Amino acid sequence: MIKQFFSLLKRYIKPYRKYLVWTVILNFMSQWLNVFSFMTLIPILNILFKIDTVAYEYIPMDIHHLNKDILINNGYYFINQIISTHGEFFTLIMMGLALIGMTLLKTAGYFASAAVMVPLRTGVVRDIRIQVYDKVLRLPMSFFSEERKGDIIARMSADVSVVENSITSSIDMLIRNPITILICFITLFTISWKLTLFVLVVLPLAGWVMGAVSRKLKSQSVLVQSQWGDIVSQLDETLGGLRIIKAFIAERKMLSRFTKINNAFRDSVNAMAIRQSSAHPMSEFLGTCVIIIVLWFGGSLILGQYSTIDASIFIFYLVILYSIINPLKEFSKASYNVPLGLASMDRIDMILKAENPIKEPENPLPLNDFQEELEFRNVSFSYIEGRKVLKNINLKVPKGKTIALVGQSGSGKSTMVDLVPRYHDIKEGELLIDGKNIKDVSISSLRALIGNVNQEAILFNDTFYNNITFGVENATMEQVIEAAKIANAHDFIMETEKGYDTLIGDRGGRLSGGQRQRISIARAILKNPPILILDEATSALDTESERLVQSALERLMKSRTTIAIAHRLSTIKNADEICVLYEGEIIERGTHDELLALDGYYKRLNEMQNL
Ligand code: ADP
Ligand code: MG
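So the number in this note's numbering is just where the residue sits in the sequence shown, counting from 1, plus 2.
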């Protein structure tokens, strides 16, 4: 666990090293101040209990002749001087003021050392979050199946906060406490090595008892976080499916499903939280036990015949010992918290370390333009091992031509066009663009050549302008308006309040389906790609908006190479070649008229639609 923790730190802490250095320096400073401020307790106690009556002689100090005994002796000498000239009460006030002054410095040091860690903590969390987001953008779409979406959102939000609350907040403690413990032990050994050796036997025993409790926590936390992922999934699903839930009056059913998973979540949280809340009382109890045991042993040293330490020094000793108990307690808290954070980090790493099966070639061939043709050569594809969705597809798409794919739903049309921009990689056969295998050119240069218009227009909660210029940098307003005009979108954009600066709402929720589609066409027009992929671009629309969208599409397809998937055959009548897919195979191909003449599947499809 400790190894895991440090490798995690190594991964993220590099940019923040200067904060670490500062916090170490500040902690050292304030810890020594802590010890010295409590040291003033000794003379204070001596004065109060009128213990010290020995007459001290001043011993001259120089650098070569300086040790603990001389310092202590001279300290007492000066205090006695003050007492004899100004009285005991005045001395008490002076000592108290010295204590206040040092405590002020000490606490200022604590504050500074904690403040210096804040940017580190927040920085690490920010870096993790951005890293996960970046990875999410890179992973192939197949990674994010519907049922995993909620889980991924949970990992990005809840798990990152757990890491923040447990690990990063443990970091400053892990720096401060060893320093505290080190300095305190130096002090303790200086006061009485015998007593301190005894302490060293008792403390680890207490520590071992604490550790035994925390071991199970990590596995409990894994369970809790994954259940939280389920909850987010269900919420996401519900928000997306509200329309259907209401239509089928399934509220009660959904509620009971949600209640069930929430109860399970609560049970696991209960188990974990109860275990967790035993940490504090237990360490408190053990801490007091340690102090009492030491008190016995120390008492026997003082009360015994050969008393080696004064009572006031022993009290100082106990105070310092008590300052060790607290950091040790915090260590035990960290031994609860860090496993929680590590469990969450494991879940985050599932995303961060997920291998991307769509690999960039090491030495990509240049691809700047589309010159001749796109070719599917003997392509077979399956999502799941053993179930082929595409079988031996051979298809040439020459530059400037329009190829249409038709077939019943589930026949593999979308899959086929998804292969071109490498949303999935093929294992059998090849996809060639101008004779180059698409796996040999860089993914970005390949995708730059392709424009997409899909059944569902994907828009972002932003202005019309930004949605249209989405994939294009430095587009001028004239170009955007030009594109919108070609896409039959200009008129309805201008009717809105702020024109192109109007916000379109979440996923374009304020627009009709046809309007959304025309925005996504305007976007494709502006990108101006040589290859165009239309996946049922009009099939979700009513006839009136279909007409508008269709005319926009026809303008877009002009002078471009197009692969069009069509639900309604009327929209692809003029295609140069029509391929009929049936269960992953091209069973008929030709122009509209040729296919009708063939009197096969296509003709039957056509007749069904004309009815
Ligand atoms: P079409 O677009 O012609 O309706 P698709 O290409 O979407 O057909 O789907 C073809 C087949 O592949 C279907 O049987 C579908 O169930 C399956 N399929 C599609 N996407 C996935 C996926 N991400 N994982 C597994 N199977 C899939
Ligand atoms: Mg489809």
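For every residue, glycine included, the Cβ atom is placed at its ideal position computed from N, Cα and C. Just so we're clear, the structure is a prediction, and the values are computed from it rather than from any experiment.
| For P341, does the count of other Cβ atoms within 10 angstroms reach 16, so buried, or fall short, so exposed? | Within the sequence shown, residue 341 is the residue found at index 339, counting from 1. Buried is the call here.
| said: Below 8 Å on the Cβ atoms is my contact criterion, and I expect L297 with L205 to pass it. Report the Cβ-Cβ distance as a whole number of Å. | reply: The residue labelled residue 297 in the question sits at position 295 within the sequence shown. The residue labelled residue 205 in the question sits at position 203 within the sequence shown. Contact doesn't hold; Cβ gap of about 14 Å is too wide.
| request: Provide the residue span of the alpha helix (DSSP H) that contains R268, from first to last. | output: Residue 268 sits at position 266 when you count from the first residue of the sequence shown. It spans 253 to 279 - the alpha helix (DSSP H) in which R268 sits, taken as one unbroken run.
| said: Taking the beta strand (DSSP E) that A542 belongs to, which residues open and close that run? | reply: Translated into positions along the sequence shown, residue 542 becomes position 540. Here A542 belongs to no beta strand (DSSP E), and DSSP marks it neither H nor E.
| said: Taking 7 Å as the cut-off, is the beta-carbon of S382 closer than that to any non-hydrogen atom of the ligand ADP? | reply: In the sequence shown, the residue the question calls residue 382 occupies position 380. S382 Cβ: outside cutoff for every heavy atom of the ligand ADP.
| query | So is N380 buried or exposed if we call it buried at 16+ other beta carbons inside 10 Å? | reply | Locating residue 380 in the sequence shown gives position 378, where the first residue counts as 1. By the neighbour-count rule (16 or more Cβ atoms within 10 Å), N380 is not buried but exposed.
| Given V292, which residues of its chain have a CB within under 7 Å of its CB, disregarding the five upstream and five downstream residues? | Position 290 of the sequence shown, counted from the start, is the residue given in the question as residue 292. Once the five neighbours on either side are set aside, the close Cβ partners of V292 are V204, L205, A208, I327.
| Helix, strand or coil for V391 per DSSP? | Here the question's residue 391 lines up with position 389 in the sequence shown. Note: V391 maps to coil in three-state DSSP.
| task | May I have the straight-line CA-CA distance separating A100 from P121, to the nearest angstrom? | result | Working through the sequence shown from its first residue, we reach residue 100 at position 98. Working through the sequence shown from its first residue, we reach residue 121 at position 119. So the alpha carbons of these two residues sit roughly 33 Å apart.
| So which of N530, I130, P62 has the shortest CA-CA distance to D371? | Here residue 371 is taken as the residue at index 369 of the sequence shown, counted from 1. It is N530 whose Cα lies nearest to the Cα of D371.
| message | Is it the case that the stretch 163 to 171 contacts the stretch 237 to 247, given that we only count it when at least three CB pairs across the two stretches are under 8 Å? | response | no
| What's the gap between the Cα of L199 and the Cα of A160? | On the sequence shown, residue 199 is found 197 positions in, with the first residue counted as 1. On the sequence shown, residue 160 is found 158 positions in, with the first residue counted as 1. About 45 Å.
| From P532, S171, Y112, pick the residue whose C-alpha is nearest to that of S337; which is it? | Here residue 337 is taken as the residue at index 335 of the sequence shown, counted from 1. The shortest Cα separation from S337 among P532, S171, Y112 belongs to S171.
| Where does R379 sit, in a helix, a strand or coil, going by DSSP? | The residue labelled residue 379 in the question sits at position 377 within the sequence shown. Strand, per DSSP.
| Start and end residues, beta strand (DSSP E) containing I589 | For the purposes of this step, residue 589 is taken as residue 587 along the sequence shown, with counting starting at 1. Taken as a continuous stretch (DSSP letters only), the beta strand (DSSP E) holding I589 covers 587 to 592.
| message | Using the three-state DSSP reduction, which class does L637 fall into: helix, strand or coil? | response | In the structure as shown, the chain starts at 3 and stops at 613, and residue 637 therefore has no counterpart that could be examined.
| said: What I want to know is whether the C-beta of V422 ends up closer than 7 Å to one or more non-hydrogen atoms of the ligand ADP. | reply: Working through the sequence shown from its first residue, we reach residue 422 at position 420. Checking every heavy atom of the ligand ADP against the Cβ of V422, none is found closer than 7 Å.
| task | Go through the residues and name those whose CB comes closer than 5 Å to any heavy atom of the ligand ADP, in chain order. | result | Here the list is Y385, V391, S411, G412, S413, G414, K415, S416, T417.
| Range covered by the beta strand (DSSP E) that runs through D537 | On the sequence shown, residue 537 is found 535 positions in, with the first residue counted as 1. It spans 533 to 537 - the beta strand (DSSP E) in which D537 sits, taken as one unbroken run.
| said: Using a Cβ-based criterion (distance less than 7 Å to any ligand heavy atom), does Q538 qualify as near the ligand MG? | reply: Along the sequence shown, one-based indexing puts residue 538 at 536. Residue 538 is actually Glu in this sequence, not Gln. Yes, the ligand MG has a heavy atom inside 7 Å of this Cβ.
| request: List the endpoints of the continuous alpha helix (DSSP H) containing A450. | output: On the sequence shown, residue 450 is found 448 positions in, with the first residue counted as 1. From DSSP, the alpha helix (DSSP H) with A450 extends over 445 to 450.
| query | Secondary structure at T404, three-state DSSP: helix, strand or coil? | reply | To locate residue 404, count along the sequence shown from 1; it is residue 402. Strand, per DSSP.
| Exposed or buried, which one is L323 when buried takes at least 16 other CB atoms within 10 Å? | On the sequence shown, residue 323 is found 321 positions in, with the first residue counted as 1. Buried is the call here.
| field | Inter-residue spacing [alpha-carbon to alpha-carbon] between T593 and I565 | value | As a first step, residue 593 must be located in the sequence shown, where it is residue number 591. As a first step, residue 565 must be located in the sequence shown, where it is residue number 563. So the two alpha carbons sit approximately 14 Å from each other.
| message | Pull the bridge partners of C581 from the DSSP assignment, please. | response | Position 579 of the sequence shown, counting from 1, holds the residue named residue 581. For C581, which the question treats as bridged, DSSP gives the partners L407, R591.
| Within this structure, are the beta carbons of N358 and L141 separated by less than 8 Å? | Counted from its first residue, the sequence shown places residue 358 at position 356. Counted from its first residue, the sequence shown places residue 141 at position 139. When the beta-carbon positions are compared, N358 and L141 come within less than 8 Å of each other.
| said: Going by DSSP, what residue range makes up the alpha helix (DSSP H) through L50? | reply: The residue labelled residue 50 in the question sits at position 48 within the sequence shown. Its alpha helix (DSSP H) spans residues 43 to 50.
| Identity of the residues DSSP links to P455 by a beta bridge | The sequence position of residue 455 within the sequence shown is 453, counting from 1. In the sequence under discussion, the amino acid at residue 455 is Val, which differs from the Pro named in the question. Beta-bridge pairing links V455 to L536.
| task | Please work out which residues of its chain come closer than 8 Å, Cβ to Cβ, to D537, disregarding the five sequence neighbours upstream and downstream, and give them in chain order. | result | Translated into positions along the sequence shown, residue 537 becomes position 535. Cβ neighbours of D537 within its own chain (closer than 8 Å, five residues either side excluded): K415, S416, V419, N454, V455, N456, Q457, I567.
| Among W230, S280, I588, nearest to F260 - alpha-carbon criterion | Position 258 of the sequence shown, counted from the first residue, corresponds to residue 260. That would be W230, whose Cα lies nearest to the Cα of F260.
| task | With I483 as the anchor, note down where its alpha helix (DSSP H) starts and where it stops. | result | For this step, residue 483 is matched to residue 481 along the sequence shown. Looking at the DSSP string, the run of the alpha helix (DSSP H) that includes I483 is 479 to 488.
| Along the chain, which unbroken stretches of the alpha helix (DSSP H) at least 4 residues long are found entirely within the stretch 177 to 235? | 195 to 216
| Can you round the beta-carbon distance between A450 and S522 to whole angstroms, since I take them to be within the 8 Å contact cut? | Residue mapping note: residue 450 aligns to position 448 of the sequence shown, counting from 1. Residue mapping note: residue 522 aligns to position 520 of the sequence shown, counting from 1. Between S522 and A450 the Cβ distance is about 18 Å, and since that is not below 8 Å, they are no contact.
| DSSP-derived helix/strand/coil call for K2 | Nothing in the structure corresponds to residue 2, since the chain is present only between 3 and 613.
| Can you give the Cα-Cα distance for E432 and F146, rounded to whole angstroms? | As a first step, residue 432 is located in the sequence shown; it is residue number 430 there, counting from the start. As a first step, residue 146 is located in the sequence shown; it is residue number 144 there, counting from the start. So the two alpha carbons sit approximately 25 Å from each other.
| I46 versus G306 - alpha carbon distance | For the purposes of this step, residue 46 is taken as the residue at position 44 of the sequence shown. For the purposes of this step, residue 306 is taken as the residue at position 304 of the sequence shown. If I take the Cα positions, the gap works out to 24 Å.
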